[in-house]
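The next block holds one structure in the form of structure tokens; read it before the comments.
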Amino acid sequence: MALGGGRLRDEGLKSERLLWPTKGLSRFEEEVDDLEQRVGLTTLQKAVAWAQTNSMWPDTFGLACCAIEMMSIVTARYDIARFGMEPFRGSPRQADLLIVSGRVSNKMAAPLRQIYDQMLEPKWVIAMGACASSGGMFNNYAIVQSVDKIVPVDMYVPGCPPRPEQLVEGIVRLHEAVKAGVPPAYELRSVAS
Amino acid sequence: MTTPAGEWADVPGLVEVTEQHRETTLTVEPGQLVDAALHLRDEHGFTFLSDITAVDFLGYGTENVSGFIGTPGGRDLNAPMTQGLQVVPAPKPKRFALNYHLLAIATPPRRVRLQTFVDDGESVPSVIRVWPTADWHEREAYDLMGIEIDGHPNLVRILMDDDWEGHPLRKDYPLGGEPVRFSGEE
Amino acid sequence: MTATAKRPLGRAIYEGSRIPYPIPTVLQTTQELWDTGDVMTVNFGPNHPSTHGVLRLVVDLYGEDVTGLYAVVGYLHTGFEKNMEHKTWWKCITYPERIDYVSYQNNEYVFVAAVEKLLDLEIPPKATWMRTLLCELNRIHSHLVWLGTSALELGAISMFWYAFREREQILDLFELVAGYRMHTRYFQVGGLAEDIPRGFYPEARKFCDWMPRAIDDYETLLTRNKIWLERTEGVGLLSAEDAIALGQSGPVLRASGVDWDIRRDEGYLAYHQVDFRVPVFAEGDVYSRYRVHIEEMRQSVRIVEQCLDRLERMEGEPWIADDRKVVLPPRHELHTSMESLIHHFKIVTEGFRVPAGEVYTAIESPRGELGCYVCSEGGPKPWRVKFRAPSFVALQATATCMSDALIADMIAIVGSLDTVMGEVDR
Numbered sequence: 003m004a005l006g007g008g009r010l011r012d013e014g015l016k017s018e019r020l021l022w023p024t025k026g027l028s029r030f031e032e033e034v035d036d037l038e039q040r041v042g043l044t045t046l047q048k049a050v051a052w053a054q055t056n057s058m059w060p061d062t063f064g065l066a067c068c069a070i071e072m073m074s075i076v077t078a079r080y081d082i083a084r085f086g087m088e089p090f091r092g093s094p095r096q097a098d099l100l101i102v103s104g105r106v107s108n109k110m111a112a113p114l115r116q117i118y119d120q121m122l123e124p125k126w127v128i129a130m131g132a133c134a135s136s137g138g139m140f141n142n143y144a145i146v147q148s149v150d151k152i153v154p155v156d157m158y159v160p161g162c163p164p165r166p167e168q169l170v171e172g173i174v175r176l177h178e179a180v181k182a183g184v185p186p187a188y189e190l191r192s193v194a195s
Numbered sequence: 003m004t005t006p007a008g009e010w011a012d013v014p015g016l017v018e019v020t021e022q023h024r025e026t027t028l029t030v031e032p033g034q035l036v037d038a039a040l041h042l043r044d045e046h047g048f049t050f051l052s053d054i055t056a057v058d059f060l061g062y063g064t065e066n067v068s069g070f071i072g073t074p075g076g077r078d079l080n081a082p083m084t085q086g087l088q089v090v091p092a093p094k095p096k097r098f099a100l101n102y103h104l105l106a107i108a109t110p111p112r113r114v115r116l117q118t119f120v121d122d123g124e125s126v127p128s129v130i131r132v133w134p135t136a137d138w139h140e141r142e143a144y145d146l147m148g149i150e151i152d153g154h155p156n157l158v159r160i161l162m163d164d165d166w167e168g169h170p171l172r173k174d175y176p177l178g179g180e181p182v183r184f185s186g187e188e
Numbered sequence: 016m017t018a019t020a021k022r023p024l025g026r027a028i029y030e031g032s033r034i035p036y037p038i039p040t041v042l043q044t045t046q047e048l049w050d051t052g053d054v055m056t057v058n059f060g061p062n063h064p065s066t067h068g069v070l071r072l073v074v075d076l077y078g079e080d081v082t083g084l085y086a087v088v089g090y091l092h093t094g095f096e097k098n099m100e101h102k103t104w105w106k107c108i109t110y111p112e113r114i115d116y117v118s119y120q121n122n123e124y125v126f127v128a129a130v131e132k133l134l135d136l137e138i139p140p141k142a143t144w145m146r147t148l149l150c151e152l153n154r155i156h157s158h159l160v161w162l163g164t165s166a167l168e169l170g171a172i173s174m175f176w177y178a179f180r181e182r183e184q185i186l187d188l189f190e191l192v193a194g195y196r197m198h199t200r201y202f203q204v205g206g207l208a209e210d211i212p213r214g215f216y217p218e219a220r221k222f223c224d225w226m227p228r229a230i231d232d233y234e235t236l237l238t239r240n241k242i243w244l245e246r247t248e249g250v251g252l253l254s255a256e257d258a259i260a261l262g263q264s265g266p267v268l269r270a271s272g273v274d275w276d277i278r279r280d281e282g283y284l285a286y287h288q289v290d291f292r293v294p295v296f297a298e299g300d301v302y303s304r305y306r307v308h309i310e311e312m313r314q315s316v317r318i319v320e321q322c323l324d325r326l327e328r329m330e331g332e333p334w335i336a337d338d339r340k341v342v343l344p345p346r347h348e349l350h351t352s353m354e355s356l357i358h359h360f361k362i363v364t365e366g367f368r369v370p371a372g373e374v375y376t377a378i379e380s381p382r383g384e385l386g387c388y389v390c391s392e393g394g395p396k397p398w399r400v401k402f403r404a405p406s407f408v409a410l411q412a413t414a415t416c417m418s419d420a421l422i423a424d425m426i427a428i429v430g431s432l433d434t435v436m437g438e439v440d441r
């Protein structure tokens, strides 16, 4: 546990090297390591971050195809209950994480922002799939070209739709980033233009 | 190609009967659309309306179709850049077409397409009293193509925002979207 | 006419018609109820765990009775049809998959079938049988997702995990064949994109041996379950005449007593060469729709087994048509034949051309009649593509099914209509 004073790289952040043992540190891991040194969280802050990541409840915001793959991470094979995330809350007031899964049309943009505004801080956003990250294959009048025009995004997960393992990887990386001290996106940046 | 009316001769307002790809298309005058619909439902047994499709023929057959090999006789294998087309698109009488795809749930089942042509600004009577399922299909035709439907009890936008301007599926409406930015550029 | 209309099974579910007037899709609270001052308008907003996607229902409640209902759709409108007008025929095939994102192979198939009809292309039998097999696997997949989510909403939470366990097995099969779990883009104009990989048939057989036992599990949990029966029997009634008038098809129509299935009655792919039963129930309620779905899953497994029997004997046959104007030539020919190189070049850059004309192809998707209208100008891009989505039409029946329903029944009814919002809004 990073709580014990050790560094994340030794204790937590090994997702890629579980599958690929001889691989060196990835860019993401190096950056998180770097951040961790520079931000220098106190033990109390580390404890709070640990608690936040181990019980980050998502909101049911399934829109399109990605929603079906998001539903399957709850199932027994991919099981995000081991990360403490299987209660998908129906109410945004009770949720910490908004996984925007699917294409956001112009009509849906306003409800999306309303849902995001109803969530209580701290809150994180994962843009799941190509449509949420950038508009995907729908570069047209109807789809918002990337959900970061509506809400500030913490993690982009590419894919069309991303495999459940890809989404879990995105979630785990978000957890690692939070444990390293990265603040939620609304403190860092506003929405894209 | 136009075929003799045959069994469809008693459809009110019939202009033309075409058979292509094993499908029958009945073209009727827009003013007599409801009479034709009632006739087809009651006399011919087409109780099921599958779909109402609105098509915009602005610019049909004029641009981006270089290399039509069309000869009335068929394929012209020696014409360059042809890919072996067999039919030249005939120009359509008016800008918009409304296709009503009908089905008779019977043994054997039969399908027919009821087609009517309208211009921009012309309206079409609603068939909602003939087939109640036409409700949302007609709203979609109005929303996306801008075809006015007379007698529809609730003609408001269905797929686009209520305050959207323009009718997206028309050919003179741009596709929209954004130019793609690449990370190497400034 | 010489055709005989099909008569609905069983006795009439209710007298007359319950389709609301004047607007068939809107249930309106009567003025006397408004005058009591006790009617509350509630918004089941686009983001709701139980509305199967982004559907907004504006509901008037008088206590627990639903007296008014207005459905607002369009929150997932993607502009598929407009996008497809700007892509060549090949590139278009990725779009229909995402319309009904739960039964994607059926969507791919209907578009590809419409293009092949315009081209008058003959498909090799191996491709036809494999397409049938994949469409049926997709039907099982779609019904499993429906079952899992609908049961979850009615409180049978464990069904979700059981249904998705089998769903994972089907997705493994899709991954084995096409390389990806969802949106496989495996159907090509002319046949299949690639040959069927080795090792697929034994895996599919294992699935077919396991699946009937899994369906027995689901039935054990739900079919004679007192709570399930209380919540679904007699709820959401829809008579056969109303169903046809409202354009319903698929399980909703068959649960109302009308024996109509495009696979058997009109026939496409290899359905006239396989033996399967079409389940029809006459009660017209949510429970009948559930029974239809379960029985259809069993029959789909039978169809898959029969397809496997045929496919195992077709080793080495072509999987795509031979027409080089439309289909890419095999790669080894590009080294030796100049014409093949030119054809390859033309098809990849400009795209093949489809003769001018219009067709409407309809297939039986897991939700009902999925139709694709394609109008071609003769060029390399479609002129107009329209999809007749069964869920778009099914949602229109919500108001009729909800005549004297309670608010708890609303979830059951909207779930039983098996809607996928991607289809509704396109």
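Residue numbers (our numbering), protein chains in the order written: chain Y, 3 to 195; chain X, 3 to 188; chain P, 16 to 441. Don't be surprised by glycine CBs; every beta carbon is placed ideally from N, CA and C. Since this is a predicted model, take the numbers as computed values, not measurements.
Which of the three DSSP states is assigned to P/Thr-434 in this structure? Along the third sequence, read from residue 1 onward, the residue named residue 434 of chain P stands at position 419. Coil, per DSSP.
Taking 8 Å as the CB-CB limit, is P/Leu-343 close to chain X? Position 328 of the third sequence, counting from 1, holds the residue named residue 343 of chain P. False, the Cβ-Cβ gap to chain X never drops below 8 Å.
Between P/Phe-407 and chain X, is the shortest Cβ-Cβ distance under 8 Å, so that the two count as touching? If you number the third sequence from 1, residue 407 of chain P lands on position 392. Taking Cβ atoms only, chain X reaches closer than 8 Å to P/Phe-407, which makes this a yes.
Check whether chain X comes within 8 Å of P/Val-34, counting only Cβ atoms and requiring the distance to be less than that. By one-based count along the third sequence, residue 34 of chain P stands at place 19. A small correction: the amino acid at residue 34 of chain P is Ile; Val does not occupy that position in the sequence shown. Yes, contact with chain X.
In DSSP terms, what Y/Met-157 is bridged to: For the purposes of this step, residue 157 of chain Y is taken as residue 155 along the first sequence, with counting starting at 1. Answer by DSSP bridge pairing, in chain order: Y/Ile-128.
Just to check my reading of the structure: P/Trp-104 and P/Val-369 have Cβ atoms closer than 8 Å, yes? What is that Cβ distance to the nearest angstrom? Start at 1 with the first residue of the third sequence, and residue 104 of chain P comes out as number 89. Start at 1 with the first residue of the third sequence, and residue 369 of chain P comes out as number 354. Right, their Cβ atoms sit about 6 Å apart.
Any beta carbon of chain Y sitting closer than 8 Å to that of P/Glu-183? Locating residue 183 of chain P in the third sequence gives position 168, counting from the first residue. Closer than 8 Å to some Cβ of chain Y, the Cβ of P/Glu-183 qualifies, so yes.
Can you pull out the residues from the segment 97-127 of chain Y whose beta carbon lies closer than 7 Å to at least one beta carbon of chain X? Asn-108 and Lys-109
How big is the Cα-Cα spacing for Y/Glu-171 and Y/Val-180? By 1-based counting over the first sequence, the position of residue 171 of chain Y is 169. By 1-based counting over the first sequence, the position of residue 180 of chain Y is 178. Rounded to whole angstroms, Y/Glu-171 to Y/Val-180 spans 14 Å at the Cα level.
Does any C-beta atom of chain X lie closer than 8 Å to the C-beta of Y/Gln-168? Position 166 of the first sequence, counted from the first residue, corresponds to residue 168 of chain Y. Cβ-Cβ to chain X under 8 Å: no for Y/Gln-168.
Quick one: which unbroken alpha helix (DSSP H) runs of 4-plus residues sit fully inside the segment 103-171 of chain X? Chain order, please. Annotation: the segment 103-171 of chain X contains the following complete segments of the alpha helix (DSSP H) (minimum length 4 residues), in chain order: 136-147.
Using a Cβ cut-off of 7 Å, pull out every chain P residue sitting near Y/Ala-78, in sequence order please. One-based indexing of the first sequence puts residue 78 of chain Y at position 76. Chain P residues near Y/Ala-78: Trp-176 and Arg-180.
With three or more C-beta pairs closer than 8 Å as the rule, is the segment 35-48 of chain P touching the segment 139-157 of chain X? yes
Identity of the residue in X/Val-57, X/Ala-11 and X/Glu-9 nearest X/Tyr-102 by Cα: On the second sequence, position 100 is the one that residue 102 of chain X refers to. Per the Cα distances, X/Val-57.
Consider the Cβ of Y/Tyr-158: report whether some Cβ of chain X lies at a distance smaller than 8 Å. To locate residue 158 of chain Y, count along the first sequence from 1; it is residue 156. Judged by the 8 Å Cβ criterion, Y/Tyr-158 is not in contact with chain X.
Identify, in the order they occur along the chain, each residue of the same chain with its Cβ nearer than 8 Å to the Cβ of X/Glu-31, setting aside the five sequence neighbours on each side. Numbered from 1 along the second sequence, position 29 holds the residue referred to as residue 31 of chain X. The answer, listed in chain order, is Gly-15, Val-17 and Thr-118.
Residues that X/Trp-10 contacts on chain P, provided the C-beta gap is smaller than 7 Å: As a working mapping, residue 10 of chain X is identified with position 8 in the second sequence. Simply none; closest approach about 11 Å.
At which residues does the beta strand (DSSP E) containing P/Ala-377 begin and terminate? Numbered from its first residue, the third sequence carries residue 377 of chain P at position 362. Segment 372-380, the beta strand (DSSP E) holding P/Ala-377.
Does the beta-carbon distance from P/Ile-428 to P/Val-316 come in below 8 Å? Here residue 428 of chain P refers to the residue found at position 413 when the third sequence is read from its first residue. Here residue 316 of chain P refers to the residue found at position 301 when the third sequence is read from its first residue. No, the pair does not count as a contact, with Cβ atoms beyond the cut-off.
Could you tell me whether the Cβ atoms of P/Ser-271 and P/Ile-28 are closer together than 8 Å? One-based indexing of the third sequence puts residue 271 of chain P at position 256. One-based indexing of the third sequence puts residue 28 of chain P at position 13. Taking 8 Å as the Cβ cut-off, P/Ser-271 and P/Ile-28 qualify as a contacting pair.
Using only the alpha-carbon positions, how far apart do X/Gln-22 and P/Cys-416 sit? Taking the second sequence and counting its residues from 1, the one referred to as residue 22 of chain X is at position 20. Taking the third sequence and counting its residues from 1, the one referred to as residue 416 of chain P is at position 401. Rounded to whole angstroms, X/Gln-22 to P/Cys-416 spans 39 Å at the Cα level.
Of all the CB atoms in chain Y, is at least one closer than 8 Å to the CB of P/His-158? As a first step, residue 158 of chain P must be located in the third sequence, where it is residue number 143. No, P/His-158 does not count as interfacial toward chain Y.
Where Y/Cys-162 sits in the DSSP three-state scheme: Your numbering for residue 162 of chain Y matches position 160 in the first sequence. Here Y/Cys-162 carries a coil assignment [DSSP, helix/strand/coil].
How many Å lie between P/Leu-326 and P/Glu-320 at the Cα? By 1-based counting over the third sequence, the position of residue 326 of chain P is 311. By 1-based counting over the third sequence, the position of residue 320 of chain P is 305. Near 10 Å, if we compare the C-alpha coordinates of P/Glu-320 and P/Leu-326.
In the DSSP assignment, find the unbroken beta strand (DSSP E) run with P/Val-57 in it and report its ends. To locate residue 57 of chain P, count along the third sequence from 1; it is residue 42. That run of the beta strand (DSSP E) goes 54-59.
Flag this pair as yes or no: are the beta carbons of X/Leu-171 and P/Lys-97 separated by less than 8 Å? Against the second sequence, residue 171 of chain X aligns to sequence position 169. Against the third sequence, residue 97 of chain P aligns to sequence position 82. Closer than 8 Å, so yes.
Indicate whether at least one CB of chain Y lies closer than 8 Å to the CB of P/His-5. Because chain P here runs from 16 to 441, residue 5 of chain P falls outside it and cannot be looked at.
Looking at C-beta atoms only, is the number of pairs between the segment 140-153 of chain Y and the segment 69-86 of chain Y that lie closer than 8 Å three or more? At 8 Å Cβ cutoff, the stretches do not touch.
Does the beta-carbon of X/Phe-98 have 16 or more other beta-carbons within 10 angstroms, so that it is buried, or is it exposed? As a position in the second sequence, residue 98 of chain X is number 96, starting the count at 1. By the 10 Å Cβ count, X/Phe-98 comes out buried.
Shorter than 8 Å from the beta carbon of X/Glu-142 to some beta carbon of chain Y? Taking the second sequence and counting its residues from 1, one reaches residue 142 of chain X at position 140. For X/Glu-142, the answer is no, since every Cβ of chain Y falls outside 8 Å of its Cβ.
Which class does Y/Phe-85 belong to by DSSP, given the choice of helix, strand or coil? The sequence position of residue 85 of chain Y within the first sequence is 83, counting from 1. Correct three-state label for Y/Phe-85: helix.
Beta-carbon of Y/Met-1 versus every beta-carbon of chain P: anything under 8 Å? Since the displayed chain Y opens at 3 and closes at 195, residue 1 of chain Y lies outside it and no answer follows.
Name the one or two DSSP bridge partners that X/Phe-98 has. Stepping through the second sequence from its first residue, residue 98 of chain X is reached at position 96. X/Asp-58 and X/Val-120.
Compute the beta-carbon to beta-carbon distance between Y/Ile-152 and Y/Leu-114, rounded to the nearest angstrom, for a pair I have assumed lies under 8 Å. For this step, residue 152 of chain Y is matched to residue 150 along the first sequence. For this step, residue 114 of chain Y is matched to residue 112 along the first sequence. The Cβ separation is near 5 Å, so the contact holds.
Using a cut-off of 9 Å between C-beta atoms, extract the partners of P/Lys-106 located in chain X. Mapped onto the third sequence, residue 106 of chain P falls at position 91. What P/Lys-106 touches in chain X: nothing, since even the nearest Cβ is about 14 Å away.
Could you check where the alpha helix (DSSP H) with Y/Ile-117 kicks off and where it finishes? To locate residue 117 of chain Y, count along the first sequence from 1; it is residue 115. Element bounds for Y/Ile-117: 108-120.
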